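Numbering (mature numbering (1 follows the signal peptide of the UniProt record, and there is no 0)), first residue to last: -18 to -1, 1 to 171.
The beta carbon of each residue, even a glycine, is placed where N, CA and C say it ideally should be.
Just so we're clear, the structure is a prediction, and the values are computed from it rather than from any experiment.
Quick notes on the structure that follows.
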């Protein structure tokens, strides 16, 4: 209690001293602040991961709306969502490959970026099962190609011991997307 009272008195004394030096007698009780204060807003630059996850969240909401909506509009909405997912995964892969460094691998592993993007993508695309359309198949195939591309990139660039742990999960994910792709192919009689 005594300390807080002492602190209050010290702050008041500093304020009075600063006011007396400012030269503005008509502004009693105010502390002078320099005119140049760097409070300009900084440009926000989201990480490729955060950007991709935000887009995938939007696509997941659109998928839920498409599945809950009329069946006549479902195919067109799912095609649009699957194409958007492919573009999002492609953009993430490009930025990941450009910024790839073995030193960042530990941070990526801790945050489980690739796993979370993969899970979100799978959850979105599995809603496409049973909707048979060549355009939908092509969009799912595009995403599957991107998964394979990233898997091959990591296989080439990771040390062998790490690669042996990472690549099987990519193969599992790729197999799941193959099943979704097969489930969206139009029936050929």
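Note down, in chain order, each residue of its chain lying with its Cβ closer than 8 Å to the Cβ of residue i, except the 5 sequence neighbours on either side.
i, result
"residue 81", "30"
"residue 37", "66, 70"
"residue 168", "114, 115, 116, 119"
Compare the Cα-Cα distances from residue i to each of the options and report the closest residue.
i, options, result
"residue 105", "166, 138, 162, 121", "162"
"residue 53", "155, 113, 145, 94", "113"
"residue 35", "154, 72, 160", "72"
"residue 79", "61, 134, 39", "134"
Helix, strand or coil for residue i? Go by DSSP, reduced to three states.
i, result
"residue 155", "helix"
"residue 75", "helix"
"residue 126", "helix"
"residue 83", "coil"
"residue 145", "helix"
Tell me which same chain residues have a C-beta within less than 7 Å of the C-beta of residue i, skipping the five on either side of it?
i, result
"residue 44", "59, 63"
"residue 129", "152, 155, 156, 159"
Quick one: residues in its chain with C-beta nearer than 6 Å to the C-beta of residue i, no 5 flanking neighbours on either side, listed in chain order?
i, result
"residue 165", "111"
"residue 124", "68"
Taking Cβ positions, are residue i and residue j nearer each other than 8 Å?
i, j, result
"residue 136", "residue 149", "yes"
"residue 61", "residue 109", "no"
"residue 56", "residue 48", "yes"
"residue 132", "residue 75", "yes"
"residue 42", "residue 98", "no"
Margin query: For the stretch 50 to 69 against the stretch 120 to 140, do three or more pairs of beta-carbon atoms, one drawn from each stretch, fall closer than 8 Å, so that the two count as touching?
Written below: The stretch 50 to 69 makes contact with the stretch 120 to 140; the number of CB pairs closer than 8 Å reaches 3 or more.
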